[in-house]
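Colleague: Provided herewith is a single structure, encoded as structure tokens, for subsequent inquiry.
Numbering (this note's numbering), first residue to last: 2 to 311.
This is the structure:
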């Protein structure tokens, strides 16, 4: 009888391990399916977006449309990473807890803000900056319309990377991936750093999702650089300084504001108002047209100020 109970106990342990392995595999497949759906929907949306096939057609209005595509791509990639991290986390947000959900909202917005800084901020450059960096990071932006078109014509951006491994787009992807996806984030999602090893040569679903985002950011930089070559200087990027008072005409709130005074701001005599915790996605101003920057708000004391980048 004792042997029988011992055997059953061993069987339970084995079955438990098999169940855990199946759950991990199911989670991995779910992430892959989400990524494929994201890539598919992104390709469909790209068909309807105004992305110049020749740089000669780049105008301020075109830059505005490309910016919208690029910022949406950043948002989609941030959602992909956040969802993957939630599935891999022990405090999975299937638990309907307001504090947990608010914590994940803050982390997701922080991630999107980091991606926006890495991929978008600096995409709209001034003539002075271009001259200063002539031999640096912006030199590759001066390209012919044909070179731009050969990258943009591929439905799958990974095909463009494989076909032209030493192009400006390939260099942009390699450098931006290492900056946009920290090793800690990659380890949290995959439990390893294999993706970094395949940046230059791999065809993984995660790097495909990144390349989809990167191509729209790359196109934005190339289009704005061509506008500058043609003497057009009416494009500006907008970024809200932390602590700025919320301005509806220039900002868009991405979530309900977090309440309470921030760390180090415990002065109870200060009037509390809606203010910016940080900018999630920068905005852009083209002539009289403004695309509001997306911000995460909090209820705390504020300081006046709206920072306009470039």
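Glycine is no exception: its CB is placed at the ideal position from the N, C-alpha and C atoms.
#1: Which same chain residues end up closer than 6 Å to residue 152 when comparing Cβ atoms and leaving out the 5 residues on each side of it in sequence?
#2: Consult DSSP for residue 10 and reduce its assignment to one of helix, strand or coil.
#3: Run through DSSP, which three-state label would residue 156 get?
#4: Does the Cβ-Cβ distance between residue 78 and residue 210 come in under 8 Å?
#5: Quick one, which of 198, 293, 155 and 72 has its alpha-carbon nearest residue 120's?
#6: Considering only their Cβ atoms, is the gap separating residue 113 from residue 70 smaller than 8 Å?
#7: Here's a check: name, in chain order, each residue in its chain whose Cβ is nearer than 7 Å to the Cβ of residue 288, leaving out the five neighbours to either side.
#8: Closest by CA to residue 237, which one among 27, 65 and 183?
#9: Residue 289 by DSSP, collapsed to three states: which one?
#10: Check each candidate in 208, 190 and 189 and name the one with the smallest Cα separation from residue 198.
#11: Using 10 angstroms around the beta-carbon of residue 16, count the other beta-carbons present and answer buried if the total reaches 16, otherwise exposed.
#12: Taking C-beta to C-beta, are residue 253 and residue 276 nearer than 8 Å?
#13: What span of residues does the beta strand (DSSP E) with residue 275 cover, start to end?
#14: Would you decide whether residue 231 is buried or exposed? Buried here means 16 or more other CB atoms lie within 10 Å of its CB.
#15: What ranges does the alpha helix (DSSP H) occupy inside the region 185-243, keeping only unbroken runs of at least 4 residues that lie completely in it?
#16: Going by DSSP, what residue range makes up the beta strand (DSSP E) through residue 254?
#17: Measuring straight from C-alpha to C-alpha, what distance separates residue 377 and residue 283?
#18: For a quick check, are the C-beta atoms of residue 158 and residue 225 less than 8 Å apart?
#19: Around the C-beta of residue 223, are 16 or more other C-beta atoms found within 10 angstroms, so that it is buried, or is it exposed?
#20: Of all the options 106, 11, 12 and 87, which has the alpha carbon lying nearest to the alpha carbon of residue 257?
#21: Express the C-alpha separation of residue 290 and residue 174 in angstroms, rounding to a whole number.
#22: Would you report the Cα separation of residue 176 and residue 184, rounded to the nearest angstrom?
#23: What's the call for residue 23, buried or exposed, on a 16-neighbour Cβ count within 10 Å?
#24: One question on the structure: do residue 297 and residue 255 come within less than 8 Å of each other, judged by their Cβ atoms?
Modeller: So, from the listed chains and residues:
#1: Working through the chain shown from its first residue, we reach residue 152 at position 151. Counting only Cβ-Cβ distances below 6 Å, and skipping sequence neighbours, we find 161 and 170.
#2: Along the chain shown, read from residue 1 onward, the residue named residue 10 stands at position 9. Looking at residue 10 - three-state DSSP - the assignment turns out to be helix.
#3: Position 155 of the chain shown, counting from 1, holds the residue named residue 156. Three-state result, residue 156: coil.
#4: The sequence position of residue 78 within the chain shown is 77, counting from 1. The sequence position of residue 210 within the chain shown is 209, counting from 1. With respect to the 8 Å criterion, residue 78 and residue 210 are classified as neighbours on the basis of their beta carbons.
#5: The residue given as residue 120 occupies position 119 in the chain shown. For the options 198, 293, 155 and 72, the alpha carbon positioned closest to that of residue 120 is the one of 72.
#6: If you number the chain shown from 1, residue 70 lands on position 69. If you number the chain shown from 1, residue 113 lands on position 112. Taking 8 Å as the cut-off, the beta carbon of residue 70 is found no closer than this to the beta carbon of residue 113.
#7: Your numbering for residue 288 matches position 287 in the chain shown. If we look at residue 288 and ignore the five residues flanking it on each side, its Cβ neighbours are 61 and 235.
#8: Walking along the chain shown from the start, residue 237 turns up at place 236. Of the candidates 27, 65 and 183, the one whose C-alpha sits nearest the C-alpha of residue 237 is 65.
#9: For the purposes of this step, residue 289 is taken as residue 288 along the chain shown, with counting starting at 1. The answer is coil: DSSP assigns residue 289 none of H, G, I, E or B.
#10: Here the question's residue 198 lines up with position 197 in the chain shown. Among 208, 190 and 189, the Cα nearest to that of residue 198 belongs to 208.
#11: Translated into positions along the chain shown, residue 16 becomes position 15. Label assigned to residue 16: exposed.
#12: Within the chain shown, the letter at position 252 stands for residue 253. Within the chain shown, the letter at position 275 stands for residue 276. Not a contact, by the Cβ cut-off of 8 Å.
#13: The sequence position of residue 275 within the chain shown is 274, counting from 1. Its beta strand (DSSP E) spans residues 274-282.
#14: The count along the chain shown starts at 1 and reaches residue 231 at position 230. Exposed is the call here.
#15: Within the region 185-243, the complete alpha helix (DSSP H) runs of at least 4 residues are 195-198 and 206-230.
#16: Looking up residue 254 in the chain shown gives position 253. Looking at the DSSP string, the run of the beta strand (DSSP E) that includes residue 254 is 252-254.
#17: No answer is possible for residue 377: the residues shown for the chain start at 2 and end at 311.
#18: As a working mapping, residue 158 is identified with position 157 in the chain shown. As a working mapping, residue 225 is identified with position 224 in the chain shown. Going by C-beta atoms, residue 158 is not nearer than 8 Å to residue 225.
#19: Locating residue 223 in the chain shown gives position 222, counting from the first residue. By the C-beta density criterion, residue 223 is buried, having at least 16 other C-beta atoms within 10 angstroms.
#20: The residue given as residue 257 occupies position 256 in the chain shown. Residue 106 is the option with its Cα nearest to residue 257.
#21: Position 173 of the chain shown, counted from the first residue, corresponds to residue 174. Position 289 of the chain shown, counted from the first residue, corresponds to residue 290. Distance from the CA of residue 174 to the CA of residue 290, rounded to the nearest whole angstrom, comes to 30 Å.
#22: Residue numbering aside, residue 176 sits at position 175 when the chain shown is read from its first letter. Residue numbering aside, residue 184 sits at position 183 when the chain shown is read from its first letter. Between the alpha carbons of residue 176 and residue 184 lies a distance of about 14 Å.
#23: Position 22 of the chain shown, counted from the first residue, corresponds to residue 23. Result: exposed.
#24: Sequence index remark: in the chain shown, residue 297 carries index 296 (1-based). Sequence index remark: in the chain shown, residue 255 carries index 254 (1-based). A contact, by the Cβ cut-off of 8 Å.
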